[in-house]
Amino acid sequence: MKTQKIGVDLGGTKLLILCNEIEEIFSTGISFTPEELISHLQSFILKHGIKPESISLAVPGLVNESGYVVNCDVLPAFIGWQGNDALKLLCSKTMILNDVKAAMYAELNDFSSHAASGIIMIGTGIGAAFITNGKPLMGASGWAGELGYLPVQSNEGIKRLDELASGAAISKLCALSPSNLALMANNGDQSTLTVIKEAGTSLGLGIATVINLLNPSQLVIGGGTIELPGYLEAALEAAKENCLPELWQNCDISKVKAGKKVAALGAIHAIEQ
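Under this note's numbering, read the sequence shown as residues 721 to 993, first letter to last.
So this is what it looks like as structure tokens:
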């Protein structure tokens, strides 16, 4: 057996298990359970003849220092899950952390080069992570960065940014599955594109809030939702319109380099810190 490091990205619609050049993707969804996760991991390890040196798991939501999942809106079966206990049945060295903080370790690995920088990920939900003065910004409980809970004024009153701009919100507004949403958008369906643009505009208000509050020199943006046509363009246009010009000009905004692997790779980097 090969001794290798495994990185896992658990999301609201998919599970990515990564080990060097080997990767497998599985569907998840609102009813996905910890038992299913462990089953997929066991099968992956056996199928590829891996002896795990470490297993690091990136999870959406609030995760404390011991790996206990305090809250997980998109995968409610994981609320209250003490994941390290389960993972240690497969490997002695384990880590569980928030998925966006994991992505931060992959994309913003040179912590000392920026006084303030950040990453924003938009998938089923929206999250962020930041570095200030060379250190990750953790907050009192380690949960800083819940950008999806930013209150935003809308035509229906005050909503969370997640309810207006996330992939789940767009799918709900269009009454389409994520795959059918992408298909309709890429085929140029005008009503779908309008919803996507409005969602992107809402995200732009969140980006502007981050820039106006933190004055970052770098923001990296990722997640499957930004690939929807017109979404990111609308977000950046709205962000620019609602930022102080001087702060906007001093912030370099780019897309993640690692693509869909960013959280899994970052989880591996994080356990090595």
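Even for Gly, the Cβ is constructed at its ideal location relative to N, Cα and C.
Among A826, T814 and M904, which residue has its Cα nearest to the Cα of Y788? In the sequence shown, the residue the question calls residue 788 occupies position 68. With distances taken between Cα atoms, Y788 lies closest to T814.
Can you give me the start and stop residues for the alpha helix (DSSP H) that F764 sits inside? As a first step, residue 764 is located in the sequence shown; it is residue number 44 there, counting from the start. Note, F764: alpha helix (DSSP H), P754 to H768.
V779 versus N970: straight-line alpha-carbon distance, rounded: Here the question's residue 779 lines up with position 59 in the sequence shown. Here the question's residue 970 lines up with position 250 in the sequence shown. Their Cα atoms are separated by approximately 32 Å.
Expressed to the nearest angstrom, what Euclidean distance is found between the alpha-carbon atoms of G865 and N791? Residue mapping note: residue 865 aligns to position 145 of the sequence shown, counting from 1. Residue mapping note: residue 791 aligns to position 71 of the sequence shown, counting from 1. Going by the C-alpha atoms only, they are around 14 Å apart.
In whole angstroms, give me the CA-to-CA distance for V872 and K960. Indexing the sequence shown from 1 puts residue 872 at position 152. Indexing the sequence shown from 1 puts residue 960 at position 240. Approximately 17 Å between the Cα atoms of the pair.
Just to confirm, are A983 and A823 a CB contact at a threshold of 8 Å? Within the sequence shown, the letter at position 263 stands for residue 983. Within the sequence shown, the letter at position 103 stands for residue 823. A contact, by the Cβ cut-off of 8 Å.
Which residue spans inside the stretch 900-963 form an unbroken alpha helix (DSSP H) run of at least 4? 910-934 and 951-961
Per DSSP, which one or two residues make a beta bridge with Y788? The count along the sequence shown starts at 1 and reaches residue 788 at position 68. Y788 pairs with Q802.
Counting only runs of 4+ residues fully inside the stretch 839-892, write out the alpha helix (DSSP H) ranges in chain order. 881-885
List the residues that DSSP assigns as beta-bridge partners of N818. Counting from 1 along the sequence shown, the entry for residue 818 is found at position 98. Per DSSP, V779.
For A889 versus G924, is the C-beta distance shorter than 8 Å? Residue 889 sits at position 169 when you count from the first residue of the sequence shown. Residue 924 sits at position 204 when you count from the first residue of the sequence shown. Result no, Cβ atoms of A889 and G924 do not sit closer than 8 Å.
Relative to the C-alpha of I750, which residue among K734, C739 and E741 is closest? Walking along the sequence shown from the start, residue 750 turns up at place 30. Answer by Cα proximity: K734.
Name the one or two DSSP bridge partners that V728 has. For the purposes of this step, residue 728 is taken as residue 8 along the sequence shown, with counting starting at 1. I737 and L777.
Given N818, which residues of its chain have a CB within under 6 Å of its CB, disregarding the five upstream and five downstream residues? Taking the sequence shown and counting its residues from 1, the one referred to as residue 818 is at position 98. Only V783 meet the Cβ criterion.
May I ask you to verify whether the stretch 869-885 touches the stretch 802-810, counting CB pairs closer than 8 Å and requiring at least 3? Cβ pair count under 8 Å is below three, so no.
Buried or exposed for G732, please, with buried defined as at least 16 other CB atoms from any protein chain shown within 10 angstroms of its CB. On the sequence shown, residue 732 is found 12 positions in, with the first residue counted as 1. Counting Cβ neighbours within 10 Å, G732 comes out buried, since at least 16 surround it.
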